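Peer 1: Here the protein sequences line up with chains A and B, keeping their order. All you need for this note's numbering is the position in the first sequence, starting with 1, plus 513. All you need for this note's numbering is the position in the second sequence, starting with 1, plus 7. All residues carry an ideal CB built from backbone N, CA and C; glycine is no exception. Please read these numbers as outputs of a predicted model, since none were measured by experiment. Take a look at the following structure, please.
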Amino acid sequence: GEQVEQLPSILRVQEGSSASINCTYENSASNYFPWYKQEPGENPKLIIDIRSNMERKQTQGLIVLLDKKAKRFSLHITDTQPGDSAMYFCAASGTGGYKVVFGSGTRLLVSP
Amino acid sequence: SVLLYQKPNRDICQSGTSLKIQCVADSQVVSMFWYQQFQEQSLMLMATANEGSEATYESGFTKDKFPISRPNLTFSTLTVNNARPGDSSIYFCSSSRENTLYFGAGTRLSVL
Numbered sequence: 514g515e516q517v518e519q520l521p522s523i524l525r526v527q528e529g530s531s532a533s534i535n536c537t538y539e540n541s542a543s544n545y546f547p548w549y550k551q552e553p554g555e556n557p558k559l560i561i562d563i564r565s566n567m568e569r570k571q572t573q574g575l576i577v578l579l580d581k582k583a584k585r586f587s588l589h590i591t592d593t594q595p596g597d598s599a600m601y602f603c604a605a606s607g608t609g610g611y612k613v614v615f616g617s618g619t620r621l622l623v624s625p
Numbered sequence: 008s009v010l011l012y013q014k015p016n017r018d019i020c021q022s023g024t025s026l027k028i029q030c031v032a033d034s035q036v037v038s039m040f041w042y043q044q045f046q047e048q049s050l051m052l053m054a055t056a057n058e059g060s061e062a063t064y065e066s067g068f069t070k071d072k073f074p075i076s077r078p079n080l081t082f083s084t085l086t087v088n089n090a091r092p093g094d095s096s097i098y099f100c101s102s103s104r105e106n107t108l109y110f111g112a113g114t115r116l117s118v119l
């Protein structure tokens, strides 16, 4: 099955700086890579995703990069704010969002 | 999108007892899944709930311990049998639509 590795586990940044989270996957058949943000006591919420036919996607201060050859994808949060502090999970799956496998999570802490 | 309503939100039970968690979707969905999340850890796929047939379990999860029902395309239940303190975690139902995975609010279970 698929395995997804995620680093770092904890990321501390200053407000206004950028934050980057990196993930790798094993199954070359994976073609869908979502990112979820989970705040304390809440369920995970999709913030951005990228499919295997793309290398880069950007929306509202979030950038996702996908390197299929290296089986690596990453999330970059620009101009971080304290409200960005949360757990972030990368994930990978095949067609249809079936059997989505999650990374181990990154706790992002943005200090004022 | 898909809205998933889960209940109970939280529960406390004694070791050896059973707990049933219900999940209702706001519309018919083909795929429903159950995830387990320990505090500050990743989301582990437990099983895929199949309409009208037995659930498909992932490694480490069994139907005897976690029986799942899916009588129709909007409803699923997860039962935790013979609950142990090690089962204390959050259980999420989820569903996929247009390749996006959505989560219910989760059920926080504490086993004494």
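By Cβ distance below 6 Å, which residues in the same chain neighbour A56 (chain B) in space, the five residues on each side in sequence not counted?
Peer 2: One-based indexing of the second sequence puts residue 56 (chain B) at position 49. The answer, listed in chain order, is M39, A62, I75, R77, S83.
Peer 1: Which chain A residues sit within Cβ distance under 9 Å of G59 (chain B)?
Peer 2: The residue you call residue 59 (chain B) lines up with position 52 of the second sequence. Near G59 (chain B) there are no residues of chain A at all, since even the closest Cβ is about 18 Å away, more than 9 Å.
Peer 1: For E528 (chain A), which residues in the same chain have their Cβ closer than 8 Å to its Cβ, ignoring the five residues on either side in sequence?
Peer 2: Position 15 of the first sequence holds residue 528 (chain A). The answer, listed in chain order, is T593, Q594, P595, V623, S624, P625.
Peer 1: Report the partner residues of A599 (chain A) according to the DSSP bridge assignment.
Peer 2: Indexing the first sequence from 1 puts residue 599 (chain A) at position 86. In the DSSP output, where bridge partners are listed per residue, A599 (chain A) has A:L621.
Peer 1: In three-state terms, what does DSSP make of D94 (chain B)?
Peer 2: For the purposes of this step, residue 94 (chain B) is taken as the residue at position 87 of the second sequence. Here D94 (chain B) sits in helix by DSSP.
Peer 1: Cβ of A604 (chain A) within 8 Å of Cβ of V614 (chain A)?
Peer 2: Working through the first sequence from its first residue, we reach residue 604 (chain A) at position 91. Working through the first sequence from its first residue, we reach residue 614 (chain A) at position 101. Result yes, Cβ atoms of A604 (chain A) and V614 (chain A) sit closer than 8 Å.
Peer 1: Can you tell me which of B:S60, B:L119, B:Q29, B:E65 puts its alpha carbon nearest to the alpha carbon of G111 (chain B)?
Peer 2: For the purposes of this step, residue 111 (chain B) is identified with residue 104 of the second sequence, where counting begins at 1. The option with the nearest alpha carbon to G111 (chain B) is B:Q29.
Peer 1: Can you look up P15 (chain B) in the DSSP assignment and give me helix, strand or coil?
Peer 2: By one-based count along the second sequence, residue 15 (chain B) stands at place 8. Note: P15 (chain B) maps to coil in three-state DSSP.
Peer 1: Out of A:G514, A:V526, A:S533, which has the shortest C-alpha to C-alpha gap to L520 (chain A)?
Peer 2: Sequence index remark: in the first sequence, residue 520 (chain A) carries index 7 (1-based). Looking at the Cα atoms, A:S533 is the closest of the given residues.
Peer 1: Does any C-beta atom of chain B lie closer than 8 Å to the C-beta of Y601 (chain A)?
Peer 2: Stepping through the first sequence from its first residue, residue 601 (chain A) is reached at position 88. It does not: the Cβ of Y601 (chain A) has no partner Cβ on chain B nearer than 8 Å.
Peer 1: Is P521 (chain A) close to chain B? Criterion is C-beta to C-beta, closer than 8 Å.
Peer 2: Residue mapping note: residue 521 (chain A) aligns to position 8 of the first sequence, counting from 1. No, because no Cβ of chain B sits closer than 8 Å to the Cβ of P521 (chain A).
Peer 1: Going by other Cβ atoms of all chains shown within 10 Å of its Cβ, with 16 needed for buried, is I97 (chain B) buried or exposed?
Peer 2: Stepping through the second sequence from its first residue, residue 97 (chain B) is reached at position 90. Per the 10 Å Cβ criterion, buried.
Peer 1: Quick one, which of B:T24, B:V36, B:D18 has its alpha-carbon nearest L80 (chain B)'s?
Peer 2: Here residue 80 (chain B) refers to the residue found at position 73 when the second sequence is read from its first residue. Checking every option, the nearest Cα to that of L80 (chain B) belongs to B:V36.
Peer 1: Can you give me, in chain order, the residues of the segment 556-583 of chain A that have a beta carbon less than 9 Å from any beta carbon in chain B?
Peer 2: Answer set for the segment 556-583 of chain A: N556, P557, K558, L559, D562, R564.
Peer 1: How long is the line joining the alpha carbons of S522 (chain A) and Q13 (chain B), rounded to whole angstroms?
Peer 2: If you number the first sequence from 1, residue 522 (chain A) lands on position 9. If you number the second sequence from 1, residue 13 (chain B) lands on position 6. So the two alpha carbons sit approximately 29 Å from each other.
Peer 1: List the residues of chain B that S617 (chain A) touches, going by C-beta distances under 8 Å, in chain order.
Peer 2: The sequence position of residue 617 (chain A) within the first sequence is 104, counting from 1. Going along chain B in sequence order, the residues near S617 (chain A) (Cβ under 8 Å) are Q48, S49.
Peer 1: Less than 8 Å between CB atoms is the rule here; does T69 (chain B) satisfy it with respect to chain A?
Peer 2: Looking up residue 69 (chain B) in the second sequence gives position 62. So, not an interface residue.
Peer 1: In the DSSP output, what is A605 (chain A) paired with across the bridge?
Peer 2: Along the first sequence, read from residue 1 onward, the residue named residue 605 (chain A) stands at position 92. DSSP lists A:V614 as partners of A605 (chain A).
Peer 1: Is the Cβ of F45 (chain B) closer than 8 Å to any Cβ of chain A?
Peer 2: Your numbering for residue 45 (chain B) matches position 38 in the second sequence. Not one chain A Cβ lies under 8 Å of F45 (chain B).
Peer 1: Verify whether the separation of the beta carbon atoms of G113 (chain B) and N540 (chain A) is less than 8 Å.
Peer 2: Within the second sequence, numbered from 1, the residue matching residue 113 (chain B) stands at position 106. Within the first sequence, numbered from 1, the residue matching residue 540 (chain A) stands at position 27. No. Outside cutoff.
Peer 1: Starting from T107 (chain B), find everything on chain A with Cβ-Cβ shorter than 8 Å and list it in chain order.
Peer 2: For the purposes of this step, residue 107 (chain B) is taken as residue 100 along the second sequence, with counting starting at 1. Neighbours of T107 (chain B) on chain A, chain order: P547, L559, D562, G610.
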